[in-house]
Amino acid sequence: MTRVEDLTWTEFENRAPGVPYWLVVTGSVEQHGPHLPLGADTMVVERAAELVAGRHGALVLGTVRAGVLHAFRDWPGSTRLTPETFTSTVVELTAGIVPYRNRVVLLNGHDENHEPLMIAARRLAECQGTDVVVVEWAELVGDVIRERSASTSEAHAGEGLTSVFLHWFPDRVRTELVAPGVEPENGLTRDDLHVAKRAHRPVRFDRAAVPSGVIGDPRPASADKGAAIAEALVDRLELLVKERGWL
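Just remember that this note's numbering sits 628 ahead of the position in the sequence shown, which is counted from 1.
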């Protein structure tokens, strides 16, 4: 078992002193086109956390499924937390592990969570003495996504994410609804996994601007590409905790 919630209290009591590090997963509930579920961001990082934890006895403390939303907050099905609530929730999830090995990976699946996650991380370091690392999965394997992709742009629910789903969650992809979306806007504020970001501008999309919700083209996605991305993600998470000296 790799999740705290699946243990009994006696199993936790016996196991906690030997846990090398802990993970907290954060994602979102927001649209990911007509072909992927609202919880897509969360599902990817939850699976990655469970797989890397299973390699060497780590435990997933919990998952914050709703995230901080701006870009797609007005879309049907969106569930959002305020940055303050999100930050507090992440901090409070870790309170119980301070007496043990006080090491935490905050594994994020949704880019708009990054700023409050960094605030939470600094609070953990300052107030609890936690050795903490913040990781966003797509940034950790962005080079693999670019190498494996046939498409040349992806900002939301495109080829990379769809490929990972075809590998890990093929039954959750509505394949008959996979279709190209709009292209990311050009310029220095272009939000795209395939280019180096040089400036950031908050954008709030509506359905007139992005009719399907997809920014990019998921049509070239495949399970083989997803397997390569997923394998690199878990391997690099393991490399990260080894670099921290946690194993």
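All C-beta atoms in this analysis are idealised placements derived from N, C-alpha and C, irrespective of residue type, glycine included.
Check	Outcome
Whole-angstrom C-beta distance between residue 769 and residue 864, which should lie under 8 Å	7 Å
Proximity of residue 687 and residue 637 at Cβ, strictly below 7 Å	no
Own chain residues within Cβ distance below 6 Å of residue 714, not counting five before or after	696 and 744
C-beta atoms of residue 654 and residue 741 nearer than 7 Å	yes
Residue 771 burial status per 10 Å Cβ neighbour count (16 or more: buried)	exposed
Residue 784, enclosing beta strand (DSSP E) - first and last residue	782 to 784
Meets three-Cβ-pair contact criterion under 8 Å: the region 822 to 837 and the region 748 to 765	no
Exposed unless 16 or more other CB atoms sit within 10 angstroms - verdict on residue 634	exposed
Local conformation of residue 787 per DSSP, three classes	helix
Residues that DSSP places opposite residue 822 in a beta bridge	According to DSSP, residue 822 bridges with nothing at all.
Rounded distance between the beta-carbons of residue 682 and residue 758, thought under 8 Å	Not quite, the Cβ-Cβ distance comes to about 22 Å (not below 8 Å), so this is no contact.
Runs of beta strand (DSSP E) wholly within the region 685 to 710 (minimum 3 residues, chain order)	687 to 692
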